[in-house]
Amino acid sequence: MSSFDVAAPDHELPDVAERAWRDVSDVGVAAARVEWAGAAREMLLVAAKKYQAVVQHKDIATGVQELTGIRTKQPTRHWIGGVLAEVSAESLRRGEPMLSALCVNPDESVFDGYAAIVGAATGTTPPDPDVHASHARLAAYRHFEAAGLPADGGNAMIPPKLGAARARARKAAIAERPINKCPHCNLQTPANGICDTCD
Numbered sequence: 010m011s012s013f014d015v016a017a018p019d020h021e022l023p024d025v026a027e028r029a030w031r032d033v034s035d036v037g038v039a040a041a042r043v044e045w046a047g048a049a050r051e052m053l054l055v056a057a058k059k060y061q062a063v064v065q066h067k068d069i070a071t072g073v074q075e076l077t078g079i080r081t082k083q084p085t086r087h088w089i090g091g092v093l094a095e096v097s098a099e100s101l102r103r104g105e106p107m108l109s110a111l112c113v114n115p116d117e118s119v120f121d122g123y124a125a126i127v128g129a130a131t132g133t134t135p136p137d138p139d140v141h142a143s144h145a146r147l148a149a150y151r152h153f154e155a156a157g158l159p160a161d162g163g164n165a166m167i168p169p170k171l172g173a174a175r176a177r178a179r180k181a182a183i184a185e186r187p188i189n190k191c192p193h194c195n196l197q198t199p200a201n202g203i204c205d206t207c208d
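Using the working numbering, you'd call the opening residue of the sequence shown number 10 and step up by one each time.
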């Protein structure tokens with residue numbers, strides 16, 4: 010199993026079958042978002058206290074509905090960004106690292122909207138959101154004194170699944186680069202374009 014485990018709440022969730030659910034339309038979108046953000050913060054705090062732990066956005070979406078008893082039929086992609094933006098705003102108000110950096114997609118890349126949230130919070134949109142998130146995650150692990158944090162403070166790391174995918178993409182890009190060949194002898198020429206054999 011990867012050291013980037015999916016974090017789960019450390020408390021029991023109510024039995025969903027016995028729950029008296031509230032629909033987001035009854036509570037109101039803004040009120041639901043506030044409650045969901047509080048629940049998401051708690052889930053992300055669990056991850057922040059375990060070195061290299063992350064939480065998939067689909068698990069946060071399910072967890073916040075179960076923890077609050079407020080559910081929605083709307084696709085997750087339409088509302089999870091607003092919830093995580095609230096979590097980020099609360100982190101900034103408390104002077105903490107952005108806990109939303111601990112939320113990832115199934116491929117371990119940052120969730121859609123992460124770069125926009127960082128841009129809104131800091132005024133600068135990161136050129137590589139996954140690299141930014143790796144540093145924000147490390148800051149969170151250090152801030153919350155995560156279990157398993159190395160004595161040297163650890164390192165900012167791209168999660169393994171995403172790192173492997175990026176390595177494959179780099180290799181594919183290199184393989185697709187055109188090879189310059191000498192028009193006379195058909196051998197590959199160096200970067201300067203001058204054939205060592207013919208010139």
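C-beta: ideal position from N, C-alpha, C; glycine also.
Owing to the predicted nature of the structure, the values given are computational and were not obtained by experimental measurement.
- Selection Leu171, Lys180, Arg146 evaluated against Asn164 yields Arg146 as nearest (Cα-Cα).
- The beta carbon of Gly162 is closer than 7 Å to those of Arg151 in its chain, skipping five residues each way along the sequence.
- Taking 7 Å as the cut-off, the beta carbon of Ala46 is found closer than this to the beta carbon of Val96.
- Taking all protein chains shown into account, Pro115 has fewer than 16 neighbouring C-beta atoms within 10 Å of its C-beta and is therefore exposed.
- DSSP places Val38 inside the alpha helix (DSSP H), whose first and last residues are 38-57.
- Note that the C-beta distance between Thr81 and Ala48 is not below 7 Å.
- Straight across, the Cα-Cα distance linking Asn189 with Gly128 is about 41 Å.
- Take the alpha-carbon of His87 and the one of Ser34: they are about 15 Å apart.
- Sequence-distant Cβ neighbours of Cys191 in its own chain, meaning closer than 6 Å and more than five residues away, are Thr198, Cys204, Cys207.
- Of the other Cβ atoms in all chains shown, fewer than 16 fall within 10 Å of the Cβ of Leu101; this residue is therefore exposed.
- Buried is the label assigned to Gly122, since at least 16 other Cβ atoms lie within 10 Å of its Cβ.
- In the DSSP assignment, Asp32 forms a beta bridge with Arg80.
- The Cβ-Cβ distance between Ile79 and Ala41 falls below 7 Å.
- As computed with DSSP, Lys190 is found in a beta bridge with Gln197.
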